[in-house]
Structures are given as structure tokens and as C-alpha cells.
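Novice: Before I ask anything, here is the structure I am working with.
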Amino acid sequence: MTEEKAAPTSGSILVVGGGISGLTTTLEAAEVGYEVFLVEKNPYLGGRVAQLNQYFPKLCPPTCGLEINFRRIKDNPRIQVFTLAEIEKIDGNPGNYEVTIRLMPRFVNQNCTACNECVAVCPVERNNEFNFNMDKTKAVYRPFEMSFPMRYVIDGSVCRGTACAKCVDVCKFNAIDLNMEAKTIKLNVGAIVWATGWEPYDASKIDNLGFGRYENIITNMMMERLAAPNGPTKGKILRPSDGKEPESVVFVQCAGSRDENHLPYCSYICCMASLKQATYVRERYPDAKIYIFYIDVRAPGFRYEKFYKKVKQDANIRFIKGKVAEVSEDPKTKNVTVVAEDTETGQKIQQTADMVVLATGMVPTNSAKKLPSDLRFNEDGFFINDFERGGMFAVGCAAKPLDVVSSNQNATGMALKAIQTLVRR
């Protein structure tokens, strides 16, 4: 496997996006004999799964599956990976596309051994987007401890460059090149699979739920990072305002989802994510009280239904059927009170807790950005696959909200669709 060089090869497959769907599509196609180019805009592969603490169905950490996939990619000569890369232009038709790709500089080359010496001397800090800005990294950093490719990257927007160059001086392997520049390459491929994934809905747009105004209101993905051993608190779930261990947590379901003013659709995974995160809190703090405000609980499939029933048996977890109307904060304690109507009793409920977690929905990554190709989208921004025409296909959460298991199944099918495009030509 090489990175940042490729010879145009007709009949190859291009996969855009290195999350779980893109990884699976790439591996399924390459392991039956096809050359695959994998393009990822981030400096690492793994997508949203890499940010999780645990994922279904086995509730295992992302290292469980990603490490194996990274090894398979590294060992497969049919796969070429391009990180910090974005599609600029696509010309051609199914079976014969010319793709222009823009590669941004990493400033760290393949000599890097991830020894960490450069980080130790770097004087500049940056917000850590991987942890949703809940902590900071140095300007030279590795996104997470098992990130692939296994090398550091320099954030050019904050690095002082050659005016500092302390990282260059300390590197024993000549792995840092602060003069790297962006470049453009062209690839010839027969099929393209868009695995561009999803973004969490911007909770600050939901005025009545207080995200951004009150410190102790976080999103479900922020909770994943708090619970993760490699997260900003090393796996300790602590409320942001004062680092206190929470004695009570409110989960607000459908935060922006199933709402004509925000996301009109159900995001599929939010209910199960909150149930899972409730177990995170309960495992760490056996006396903590959990309150889950919901419209309906979606537990698709036998395993999820079984998990839901198990969580419901916990006496410290209370389910309230009602949509949260407003929130407020006690300025002294920083505790948050949510207000909702219990639709089963008709009573107005006010519940105060140390923390509130908003189950924000999935937004397709490219909904706000037009891709450089002739693609169709539905009104919510998800791709519409045209199987009759072929050539280009959307997979995973680029096409609709899905969990990890369904994304993998879908990716296997889309790898076959891409291969069929090549075989027919």
C-alpha cells in the first residue's frame, strides 16, 4: 500500500470516504481482485466509528474492528489510500471516469515512526476537532492512538512553519517537511462509490434546548468521546462546567429530528445510542439517576429490542414519554432543568439534572456542499442511487441513516454494484 501516488488504471474503483462504509466497500472489492483508490478528506481513516466508545451489536470499542480493517488495507497491494484528499472534478461516464483529486499537504512524510518527539517541543496548541473541541492538541498531532496512516500530521492553519521549525530540529528521521504544498492528481476509474458519511446535526440551531448557552448540555457524540478511554477525560464522564461526577443525567431524544423546523426524518440510531450511553453512566456511577425523554423508542431488530428491555429493567433509569419544550440553568449550581409534558399522564414535568445529553440526528455530510458530479439527492440531502444507469453509487449514511451493522451490509452490496459496472463494460 502506498499513499500520495497513483498511476491511472482503467477498470478500477474509486471509494470516496474512509469511514466504516468506505472501508468495507474498499476491502470487499479489493479482496476479490479489483484495484481500489480510497480517498478521505481527513488525515486518518475510520470516520465516525473511530470516535465512538462502543458500538453495537457487541458493544466493543472501535479498535475491535478498525484495527483489523487497517491491517487488511495495509497488506493489500490493490488498495491505494489518499488522505487529506478531496474530489475536485469528475468527467466521463460509467466504466470510464476521469477524476481530479486535490491532495492537501500533511507536512509529515512516510519516514514518521510516531515517536512523539515533535509533539513534545511544539509550542502551538489547536482545538481538537476529533474530541469536538473539548480539549486541545499541539499543532503537530496524531488524531488518535491507532489512527491510520500511523503518522503525525501538522495543522497548517496554526503552525508557525519555518519561523519555528522546532519539530524539524528534533526529528531524527527527516519525517517533517514544512515546505510541502498541495498538489493535484488525476485517476481513471470505472466506478465510484460515495461513502461520504454523516455529520451530527448542529444542536445550537435548536434554540429551545440551550446547547451552546449552558455548559452542561452536550450532544450524544460528545458523550461518546467523554466515555472513551482515549477521549478528553480518559473515559471519565465528567460534566464540563466543573469536572463533577454527575449524579443525574437527562437524555433528550429527537433533538432536532422528526421536526419540520430542523430534520423532518428519524435518524434511526439516536434511541439506541442514548440507551447505550445510559449504561455508560450507570456502569461508572452505580447510584446515578437517568431520565430519558422520548417521543417513541426505535429499537430495530431482535438484538436492539432485547437491549432496550434490559435497560428498562434498571430501576435508576426512568423513561418519560414527552418532548422537551424548554431548558433552563441554575446560575449557581449550573444544574439544568428540562420541561416537558408527559403524554401518558398529561402532567407537566420539570426535571433537574447535573447534565443533559441531546440525541442529535444524522445529517448527510454533503447536504450543504454540492459534489462535483451529476448526482441526485432527496429533499433531505441523501443520495438517490440510480442502479439502472450504474457507475456511481452511494453507500451507508450517505444514502440514509444507518447503524454500523447495516452500513457494513450495505457496503458489501455496493461493492458488488461497482464491480458489475466494470464487468458490463
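Numbering (my numbering), first residue to last: 22 to 446. We treat Cβ as the ideally placed atom computed from N, Cα and C, and that holds for glycine. Note that this is a predicted model, so its numbers are computed, not measured.
Does the stretch 132-142 come into contact with the stretch 167-183, if we say contact requires no fewer than three beta-carbon pairs (one atom in each stretch) closer than 8 Å?
Specialist: Yes, the stretch 132-142 touches the stretch 167-183.
Novice: Tell me the rounded alpha-carbon separation between G39 and A216.
Specialist: So the alpha carbons of these two residues sit roughly 7 Å apart.
Novice: Residues bridged to E119 by DSSP?
Specialist: D112 and N209.
Novice: Please go through the same chain and pick out, in chain order, the residues whose beta-carbon is closer than 8 Å to the beta-carbon of A346, but skip the five residues on each side of it.
Specialist: Around A346: N229, V360, A361 and E362.
Novice: Got a sec, what are the start and stop residues for the alpha helix (DSSP H) D308 sits in?
Specialist: No alpha helix (DSSP H) holds D308; DSSP gives it neither H nor E.
Novice: Is it right to say P29 is buried, meaning 16 or more other beta carbons lie within 10 angstroms of its own, or is it exposed?
Specialist: Legend: pLDDT at P29 = 37, less than 50; position of this residue unreliable, value from coordinates given subsequently. Looking at its Cβ environment, which holds fewer than 16 other Cβ atoms inside 10 Å, P29 is exposed.
Novice: Alpha carbon to alpha carbon, how far is F165 from G68?
Specialist: So the alpha carbons of these two residues sit roughly 12 Å apart.
Novice: Which term fits T183, buried or exposed, when burial requires 16 or more other beta carbons within 10 angstroms of its beta carbon?
Specialist: Burial call: exposed.
Novice: Where does F323 sit, in a helix, a strand or coil, going by DSSP?
Specialist: Three-state DSSP puts F323 in a helix.
Novice: For N148, does the three-state DSSP call read helix, strand or coil?
Specialist: Three-state result, N148: strand.
Novice: Where in the stretch 372-436 do unbroken runs of the beta strand (DSSP E), each at least 3 residues long, occur, reported from the N-terminal end onward?
Specialist: Entirely contained in the stretch 372-436, the beta strand (DSSP E) runs reaching 3 residues are, in chain order, 376-381, 383-385 and 413-415.
Novice: Under a three-way DSSP split, which group does E220 fall into?
Specialist: Residue state, collapsed to three classes: strand.
Novice: Report all residues from its chain with a CB closer than 7 Å to the CB of T23; omit the five preceding and five following residues, and keep chain order.
Specialist: No answer about T23 holds up, because its pLDDT of 46 lies below 50 and its placement is not dependable.
Novice: Tell me whether C192 sits in a helix, a strand or coil according to DSSP, three-state version.
Specialist: In this structure, C192 counts as coil in the three-state DSSP scheme.
Novice: Please report the residue range of the alpha helix (DSSP H) in which R339 lies.
Specialist: Segment I338 to K342 is the beta strand (DSSP E) holding R339; no alpha helix (DSSP H) there.
Novice: Within 10 angstroms of the Cβ of C418, are there 16 or more other Cβ atoms? Answer buried if so, exposed if not.
Specialist: It counts as buried.
Novice: Expressed to the nearest angstrom, what Euclidean distance is found between the alpha-carbon atoms of A27 and A51?
Specialist: Confidence at A27 is low in this model, with a pLDDT of 41, below 50, so the placement of that residue should be treated as unreliable; the coordinate-derived value is given next. Answer to the nearest angstrom: the Cα atoms are 16 Å apart.
Novice: Pull up the distance between the alpha-carbon of G256 and that of A249, whole angstroms please.
Specialist: The straight-line gap from Cα to Cα measures roughly 5 Å.
Novice: Whose CA, out of S33, I41 and N152, lies closest to the CA of A432?
Specialist: Measuring from the Cα of A432, the nearest candidate turns out to be I41.
Novice: If I measure Cβ to Cβ from L66 and keep anything under 6 Å in the same chain, skipping five residues before and after, which residues do I get?
Specialist: Answer for L66: G39 and F169, listed in chain order.
Novice: For E25 and E88, I'd like the C-alpha separation in whole angstroms.
Specialist: Residue placement at E25 is flagged as unreliable, the pLDDT there being 45, under the threshold of 50; the coordinate-derived value follows with that caveat. About 22 Å.
Novice: Under three-state DSSP, which class holds C292?
Specialist: Here C292 sits in helix by DSSP.
Novice: Considering only residues of the same chain and omitting the five flanking positions on each side of R147, which have a CB-CB separation below 7 Å?
Specialist: Here the set comprises K157, T158, A160, D176 and V179.
Novice: Would you identify the three-state DSSP class for F91, choosing helix, strand or coil?
Specialist: Three-state DSSP puts F91 in a helix.
Novice: In its own chain, which residues sit with a C-beta less than 6 Å from the C-beta of P253, not counting the 5 before and 5 after it?
Specialist: If we look at P253 and ignore the five residues flanking it on each side, its Cβ neighbours are N152, M155 and D156.
Novice: Assuming N241 contacts A380 (C-beta within less than 8 Å), just tell me the rounded distance between them.
Specialist: Between A380 and N241 the Cβ distance is about 5 Å, and since that is below 8 Å, they are a contact.
Novice: Measuring straight from C-alpha to C-alpha, what distance separates Q372 and D263?
Specialist: Distance between the alpha carbons of Q372 and D263: 21 Å.
Novice: Where G231 and N387 are concerned, what is the direct C-alpha to C-alpha distance, given to the nearest angstrom?
Specialist: Roughly 26 Å between the two C-alpha positions.
Novice: What are the partner residues of V214, as DSSP defines its beta bridges?
Specialist: V36 and F414, per the DSSP bridge assignment.
Novice: Could you check which residue in M244, T205, V189 and Y286 has the C-alpha nearest to that of L296?
Specialist: Closest by alpha carbon: M244.
Novice: List the DSSP bridge partners of D363.
Specialist: Paired residues: Q368.
Novice: Please state whether DSSP places Y315 in a helix, a strand or coil.
Specialist: Reduced to three states, the DSSP call for Y315 is strand.
Novice: Which one of V36, N251, G54 and R234 has the shortest CA to CA distance from E61?
Specialist: Out of V36, N251, G54 and R234, V36 has the C-alpha closest to the C-alpha of E61.
Novice: DSSP three-state call for Y301: helix, strand or coil?
Specialist: Three-state result, Y301: helix.
Novice: Which residues bound the beta strand (DSSP E) around S269?
Specialist: Taken as a continuous stretch (DSSP letters only), the beta strand (DSSP E) holding S269 covers S269 to A276.
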